[in-house]
Amino acid sequence: MQNEGRSKVRMARFRRVSLAPALSIMAFIVGLAQPLVPAQATPEQGPEAAQAKTDLPAAPQYFPIGSVWSQDISQAPVDPKSASMIDWLAAAGGWGTGKLRVDFSIRVLQADASTPLVPFRRAADFYEKDSDIPSRVPLPVGGGMEAEPGYDCPNTRSDRNFIVVDRSHAKLYEAWQANYSKGAFSASSFVIWDLNRIYPPSGRGDQCGSADAAGFPIAPLLFNADEIAAGTINHAIRFTLPIGRIRSGVFVHPATHAGGPSGPDAAPPYGARFRLKASYDVSSLPPAAQVVAHAMQRYGMFISDAGNIALTAQNDIDTKAKYSELGFDTFSLQNLKVTDFEIVKMEKPIDLTYECVRNR
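First residue of the sequence shown? That's 16 in the working numbering, and the numbers climb one at a time after it.
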């Protein structure tokens with residue numbers, strides 16, 4: 016299921032960025048020069064022709080202990096303006112569809128030493144300042160982009176996020192508007208996260224975007240079916256709001272960027288960390304939903320991008336457990352209202368300029 020509305024918002028972000036003289040827009044094309052394709056997938060078929068690996072263990076921890084994504088904030092103070100922001104959001108319509116729904120369109124692919132490595136070259140509209148420039152990109156056999164059955168993605172309206180975690184090299188690869196067609200891989204944004212690093216509050220750098228508008232990594236904030244089956248989610252969760260319900264012109268750490276939001280000063284900003292109130296009776300939810308709700312109480316959830324379907328879970332094509340077997344679907348958390356949450360104390364808002372300065 017595609018999170019309707021996200022792509023349109025991200026394109027609005029790109030048009031706005033193009034007006035800033037300090038930040039040029041560039042895209043890259045990945046050329047395939049004799050790619051290392053395993054025997055079960057011929058070069059003509061492409062890597063998507065073979066079946067993806069599903070026997071790899073779940074990876075609940077992406078970054079070292081101490082990372083903001085796995086920080087227990089159950090006892091953290093509430094922001095002084097939490098009540099007013101929550102009240103405004105509730106009056107504005109709450110979650111994007113009016114209910115807390117879940118999108119399952121993003122895949123998280125696994126790479127190892129046998130994964131084909133695909134070289135690339137930069138093209139004119141690559142996001143130079145915000146992006147990393149890899150010499151080669153892992154392209155797992157049987158993989159696919161967000162909301163697409165494979166790597167060939169003719170649907171330009173989709174975000175087409177491409178996510179690969181390579182634990183053998185402690186790297187997380189994330190791309191936005193990615194495509195693989197006729198021997199070429201392209202994307203509008205490409206980021207490589209170091210899984211051995213605890214990033215500072217300013218992440219990869221203030222004013223710098225990533226595959227997500229807030230500048231966050233995506234994969235570490237996605238919950239998955241294996242975690243629900245295990246009964247524990249040990250990290251914060253990614254969520255979105257409509258563009259008009261996110262505060263305009265600012266972001267707060269750990270966000271480092273914002274995707275052109277248009278909400279008033281009363282709205283919560285990019286990077287705000289919501290927490291399900293401790294007083295909420297989690298036992299009123301279905302068993303699988305309780306696991307997610309407990310994570311919302313302990314780790315919270317970050318405004319990461321703009322969209323209509325609030326939550327994002329990893330697609331279960333790449334997990335052992337399946338949502339249908341667990342009794343979990345897009346409506347399993349619909350009883351949670353905006354007013355059941357509070358906002359953890361935020362840092363001082365940073366004015367949005369789009370002038371990315373990378374941390375090294």
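Backbone N, C-alpha and C fix where the C-beta goes; we use that ideal spot for every residue, glycine too.
Handout entry: Option in Gly342, Gly259, Asn374 with minimal Cα separation from leucine 104
Key = Nearest option by C-alpha distance: Gly259.
Problem - C-alpha gap between isoleucine 13 and leucine 326, whole angstroms - result: There is simply no residue 13 to check, as the chain begins at 16 and stops at 375 in what is shown.
Practice task
Starting from tryptophan 103, trace the beta strand (DSSP E) both ways and give me its first and last residue.
Solution key: Unbroken run through tryptophan 103 is the alpha helix (DSSP H), 97–107; no beta strand (DSSP E).
Handout entry: Rounded C-alpha distance that separates serine 298 from glutamine 305
Key = Rounded to whole angstroms, serine 298 and glutamine 305 show a C-alpha spacing of 7 Å.
Handout entry: the region 78–88 / the region 305–319 touching (three or more Cβ pairs under 8 Å)
Key = Yes: the two stretches touch, three or more of their Cβ pairs being nearer than 8 Å.
Exercise for the section: Consult DSSP for aspartate 333 and reduce its assignment to one of helix, strand or coil. Expected result: Of the three classes helix, strand and coil, the one that applies to aspartate 333 here is helix, per DSSP.
Exercise for the section: State the Cα-Cα distance for the pair leucine 115 and leucine 348, rounded to the nearest angstrom. Expected result: In this structure, the alpha-carbon of leucine 115 lies about 6 Å from that of leucine 348.
Problem - Limits of the unbroken beta strand (DSSP E) element including serine 82 - result: No beta strand (DSSP E) contains serine 82, which DSSP labels as neither H nor E.
Handout entry: Proximity winner among Pro301, Phe266, Pro276, relative to arginine 288 (alpha-carbon distances)
Key = Closest option to arginine 288, Cα to Cα, is Phe266.
Exercise for the section: Taking aspartate 320 as part of the beta strand (DSSP E), name the residues at either end of that continuous run. Expected result: Residues 316–321.
Practice task
Counting only the same chain and skipping the five closest in sequence on each side, list residues whose C-beta sits under 8 Å from that of glutamate 19.
Solution key: Because the pLDDT of glutamate 19 is 43, which lies under 50, any placement of that residue in the model is unreliable, and the number read from its coordinates should be weighed accordingly. Counting only residues of its own chain and dropping the five nearest sequence neighbours on each side, glutamate 19 has a CB closer than 8 Å to the CB of Gly322, Asn323, Ile324.
Handout entry: Classification of glutamine 90 by the beta-carbon crowding that lies within 10 angstroms, buried from 16 upward
Key = In summary, glutamine 90 is exposed, with fewer than 16 beta-carbon neighbours lying within 10 Å of its beta-carbon over all protein chains present.
Exercise for the section: With DSSP as the reference, label valine 156 as helix, strand or coil. Expected result: In this structure, valine 156 counts as coil in the three-state DSSP scheme.
Exercise for the section: Check each candidate in Val152, Phe200, Ala273 and name the one with the smallest Cα separation from aspartate 221. Expected result: Looking only at Val152, Phe200, Ala273, the smallest Cα-Cα distance to aspartate 221 is reached by Ala273.
Practice task
Whole angstroms is fine: what's the gap from glutamine 192's alpha carbon to serine 204's?
Solution key: Taking the straight line from one Cα to the other gives about 7 Å.
Exercise for the section: Just the C-alpha distance for tyrosine 195 and tyrosine 166, rounded to the nearest angstrom, thanks. Expected result: The C-alpha of tyrosine 195 lies about 5 Å from the C-alpha of tyrosine 166.
Exercise for the section: Put arginine 313 into one of helix, strand or coil per three-state DSSP. Expected result: The answer is helix: DSSP assigns arginine 313 an H, G or I state.
Exercise for the section: Would you decide whether glycine 342 is buried or exposed? Buried here means 16 or more other CB atoms lie within 10 Å of its CB. Expected result: Exposed, because fewer than 16 other Cβ atoms sit within 10 Å of the Cβ of glycine 342.
Exercise for the section: Flag this pair as yes or no: are the beta carbons of aspartate 241 and isoleucine 233 separated by less than 9 Å? Expected result: No, these two residues do not count as a Cβ contact at 9 Å.
Handout entry: Residues near threonine 354 by beta carbon distance below 7 Å, same chain, minus five either side
Key = Apart from sequence neighbours up to five positions away, the residues of its chain that approach threonine 354 with a beta-carbon distance below 7 Å are Ile101, Ala105, ordered along the chain.
Problem - Whole-Å CB distance - glycine 224 paired with aspartate 145, under 8 Å assumed - result: Between glycine 224 and aspartate 145 a beta carbon distance of about 5 Å is seen, short of the 8 Å cut, so the two are scored as contacting.
Practice task
Return the residue from the list Ala303, Val307, Arg373 that minimises the CA-CA distance to glutamate 340.
Solution key: For glutamate 340, the nearest C-alpha among the options comes from Ala303.
Problem - proline 235 vs phenylalanine 78 beta-carbon contact at 9 Å - result: When the beta-carbon positions are compared, proline 235 and phenylalanine 78 come within less than 9 Å of each other.
Exercise for the section: Inspect the beta-carbon positions of leucine 237 and glutamine 329 and report whether they are closer than 9 Å. Expected result: Taking 9 Å as the Cβ cut-off, leucine 237 and glutamine 329 qualify as a contacting pair.
Exercise for the section: Would you mind stating whether arginine 373 and arginine 212 have Cβ atoms separated by less than 9 Å? Expected result: Not closer than 9 Å, so no.
Exercise for the section: Determine the closest residue to glycine 376 out of Glu189, Cys168, Pro216, Asn176, with distance taken between C-alpha atoms. Expected result: Examination of residue 376 is not possible in this model, given that the chain is present from 16 through 375 alone.
Handout entry: Spatial neighbours of asparagine 239 in its chain, beta-carbon cut-off 6 Å, leaving aside the 5 residues before and after
Key = For asparagine 239, where only same-chain residues beyond five positions count, the Cβ hits under 6 Å are Gln329, Thr334.
Problem - Cβ pair isoleucine 252, alanine 310 closer than 9 Å - result: Taking C-beta atoms as the reference points, isoleucine 252 and alanine 310 count as a pair closer than 9 Å.
Exercise for the section: Kindly indicate which residue of Lys352, Phe231, Pro216 has the alpha-carbon position closest to the one of leucine 291. Expected result: The candidate whose alpha carbon is nearest that of leucine 291 is Lys352.
Problem - Inter-residue spacing [alpha-carbon to alpha-carbon] between serine 97 and lysine 360 - result: For the pair serine 97 and lysine 360, the Cα-to-Cα distance works out to about 8 Å.
Practice task
Measure the Cβ-Cβ separation of histidine 250 and glutamine 76 and say whether it is below 9 Å.
Solution key: Contact flag set, yes.
Exercise for the section: Note the first and the last residue of the continuous beta strand (DSSP E) segment covering aspartate 209. Expected result: Taken as a continuous stretch (DSSP letters only), the beta strand (DSSP E) holding aspartate 209 covers 204–209.
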